[in-house]
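Reviewing the structure listed below.
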Amino acid sequence: MDLQGKAAIVTGGGVGTGRAVVLDLARRGCNVAVNYSRSKIEAEQTAHDASELGVRTLCVQADVRDDTAVRAMTDEIGSTFGRLDVLVNNAGVTRHIEHADLESADDEAWSFIFDTNVRGTFSCTRAAAPRLRADGGGTIVNVSSIAGVYAIGSSIPYCASKAAINNMTVSLARALAPDVRVNAVAPGFIDTRWWSEHEHYDAIKQLAAAATPLAAVCTPEDVSKVIVDLATSDLVTGQILVIDGGMGIRR
0 MDLQGKAAIV TGGGVGTGRA VVLDLARRGC NVAVNYSRSK IEAEQTAHDA SELGVRTLCV
60 QADVRDDTAV RAMTDEIGST FGRLDVLVNN AGVTRHIEHA DLESADDEAW SFIFDTNVRG
120 TFSCTRAAAP RLRADGGGTI VNVSSIAGVY AIGSSIPYCA SKAAINNMTV SLARALAPDV
180 RVNAVAPGFI DTRWWSEHEH YDAIKQLAAA ATPLAAVCTP EDVSKVIVDL ATSDLVTGQI
240 LVIDGGMGIR R
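Just so we're aligned, residue 0 is where the sequence shown starts under numbering that gives the first Met the number 0, counting upward by one.
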């Protein structure tokens, strides 16, 4: 797929990996809608920065857990750009809960994480699918995590949610073929603002780098490059692409 003149939506597009994807798509000539739930200032800045690259942008608020808001968002994007070709399901949440602390992984934590990560991803896909199909075939890239592959990460509910996304990616690839391709990326530790606010950030980053043969951690730009590559690879669908610096070969 040539992204020039196409239109995309990136959920959670204001910061971190989402911001990097928005800017990379814009550099390819793709008009981009920047979705946000709470980070309005950051989303508006990202949309502005993308527009400076010569494309049209739209900043749209919607909580991906709210199906009505998601459908309204998709309609607004269609009205603004006249088409939709790319959906990047990047919005996601987690909680820091020690895996052995089962009591702290309560019903509220499970609902919060699954409603956003799993149901939110599905709701956005369901709302976007008719337009992706109508506009000549499109592509969806879901942002998963190695937590869903290796069962390591910030909490058991988070790991389970990302495993669900991996499974759902393959199911959706079958369901939407041949018109829409669906893939996912599964990054390892990503050096973002979210992690930098953790009290043990430096130690976590060092441990993450030491766990990889490449002795490095992902940046948002590293992940974005793979997302855009998947979005433009016409014969790839139903794949979960791990971006972990080789961590998996040490397991």
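Note that beta-carbon positions come from the ideal geometry of N, C-alpha and C, so glycine has one too.
Residue i in three-state terms, based on DSSP
i: residue 186; result: strand
i: residue 3; result: coil
i: residue 213; result: coil
i: residue 56; result: strand
i: residue 125; result: helix
i: residue 83; result: coil
i: residue 180; result: strand
i: residue 338; result: One cannot answer for residue 338 here, as it falls past the ends of the chain, which runs 0 to 250.
i: residue 8; result: strand
i: residue 151; result: coil
i: residue 168; result: helix
i: residue 137; result: strand
i: residue 116; result: helix
i: residue 142; result: strand
Euclidean distance between Cα positions of residue i and residue j
i: residue 232; j: residue 131; result: 16 Å
i: residue 97; j: residue 154; result: 6 Å
i: residue 245; j: residue 78; result: 43 Å
i: residue 237; j: residue 191; result: 27 Å
i: residue 120; j: residue 26; result: 25 Å
i: residue 182; j: residue 145; result: 15 Å
i: residue 294; j: residue 66; result: It is not possible to answer for residue 294, since the shown part of the chain is limited to 0 through 250.
i: residue 107; j: residue 156; result: 10 Å
i: residue 114; j: residue 164; result: 12 Å
i: residue 227; j: residue 135; result: 19 Å
i: residue 82; j: residue 76; result: 8 Å
i: residue 94; j: residue 160; result: 12 Å
i: residue 86; j: residue 38; result: 19 Å
i: residue 234; j: residue 19; result: 24 Å
i: residue 59; j: residue 177; result: 29 Å
i: residue 138; j: residue 175; result: 10 Å
i: residue 7; j: residue 215; result: 30 Å
i: residue 151; j: residue 158; result: 7 Å
i: residue 53; j: residue 99; result: 50 Å
i: residue 61; j: residue 36; result: 5 Å
i: residue 109; j: residue 118; result: 12 Å
i: residue 10; j: residue 209; result: 31 Å
i: residue 40; j: residue 180; result: 32 Å
i: residue 230; j: residue 2; result: 9 Å
i: residue 64; j: residue 122; result: 8 Å
i: residue 14; j: residue 51; result: 17 Å
i: residue 172; j: residue 140; result: 10 Å
i: residue 69; j: residue 126; result: 7 Å
Terminal residues of the alpha helix (DSSP H) in which residue i lies
i: residue 16; result: 15–26
i: residue 240; result: From DSSP, residue 240 is part of no alpha helix (DSSP H) but of the beta strand (DSSP E) over 239–242.
i: residue 231; result: 219–231
i: residue 45; result: 39–50
i: residue 32; result: Note, residue 32: premise wrong, no alpha helix (DSSP H); beta strand (DSSP E) at 30–35.
i: residue 106; result: 106–113
Whole-Å CB distance - residue i paired with residue j, under 8 Å assumed
i: residue 248; j: residue 212; result: 7 Å
i: residue 184; j: residue 142; result: 6 Å
i: residue 239; j: residue 217; result: Going by Cβ atoms, the distance from residue 239 to residue 217 rounds to 15 Å, so no, they are not a contact pair.
i: residue 5; j: residue 74; result: The Cβ separation is near 18 Å, so there is no contact.
- [ ] Please determine if the stretch 45–65 and the stretch 103–110 are in contact, where contact requires at least 3 C-beta pairs separated by less than 8 Å.
- [x] No, the stretch 45–65 does not touch the stretch 103–110.
Open item on the list: I want to know whether the stretch 27–39 touches the stretch 159–174 - three or more CB-CB distances under 8 Å.
Closed with: Three or more beta-carbon pairs separated by less than 8 Å are not found between the stretch 27–39 and the stretch 159–174, which leaves the two stretches without contact.
- [ ] Take every Cβ of the stretch 124–141, pair it with every Cβ of the stretch 204–214, and state whether three or more of those distances are shorter than 8 Å.
- [x] Contact between the stretch 124–141 and the stretch 204–214 is absent, because fewer than three Cβ pairs lie under 8 Å.
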